[in-house]
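*Asks:* Okay, here's the structure, questions in a sec.
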Amino acid sequence: MDTGPKLTVRNNTESNQYELLADGQVIGVAEYQAQPGALAFVHTEIIPAATGHGLGEALVRTALDNVRAEGLAALPYCSFVRHYIETHPDYQDLVPPANRPAFGLPTVLEAPAT
Numbered sequence: 046m047d048t049g050p051k052l053t054v055r056n057n058t059e060s061n062q063y064e065l066l067a068d069g070q071v072i073g074v075a076e077y078q079a080q081p082g083a084l085a086f087v088h089t090e091i092i093p094a095a096t097g098h099g100l101g102e103a104l105v106r107t108a109l110d111n112v113r114a115e116g117l118a119a120l121p122y123c124s125f126v127r128h129y130i131e132t133h134p135d136y137q138d139l140v141p142p143a144n145r146p147a148f149g150l151p152t153v154l155e156a157p158a159t
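Have a look at this one:
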């Protein structure tokens, strides 16, 4: 039986941030600046008591999945978001090709393994 907190992610558009909630309490944020056709991620933070459990990755993954679903691009100015995209190539296509060199990402993406 799982007795851990119920985790959810919501996009708080009024505060320009994705919020990770544990039992309704905000324990992490991925802040962004909305731009035409894109979200520029500028800061990600998990409260100290909740770090080291992969929650930041879960927050960023959900935010990027939402960006994809909305048909937007992602600009990873936040080093945590940039590292996540670097280490998860299936999200690199969210960064426009012209912007990839500025973030240290390849301009030509590898084809998925078959």
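Residue numbering for the sequence shown is 46 to 159, as defined by my numbering. No residue lacks a Cβ here, since even glycine has one placed at the ideal position from N, Cα and C.
#1: Taking Cβ to Cβ, would you say Thr89 is nearer than 8 angstroms to Phe125?
#2: Assign Gln80 to buried or exposed, taking buried as 16 or more other Cβ atoms, counted over all protein chains shown, within 10 Å of its Cβ.
#3: Out of curiosity, what's the CA-to-CA distance linking Val112 and Asn144?
#4: One question on the structure: do Ala83 and Ala118 come within less than 8 angstroms of each other, judged by their Cβ atoms?
#5: Please check the pair Tyr63 and Leu104, which I expect to be a contact at CB under 8 angstroms, by giving their CB distance rounded to whole angstroms.
*Replies:* This is what the structure holds:
#1: yes
#2: exposed
#3: 16 angstroms
#4: yes
#5: 6 angstroms
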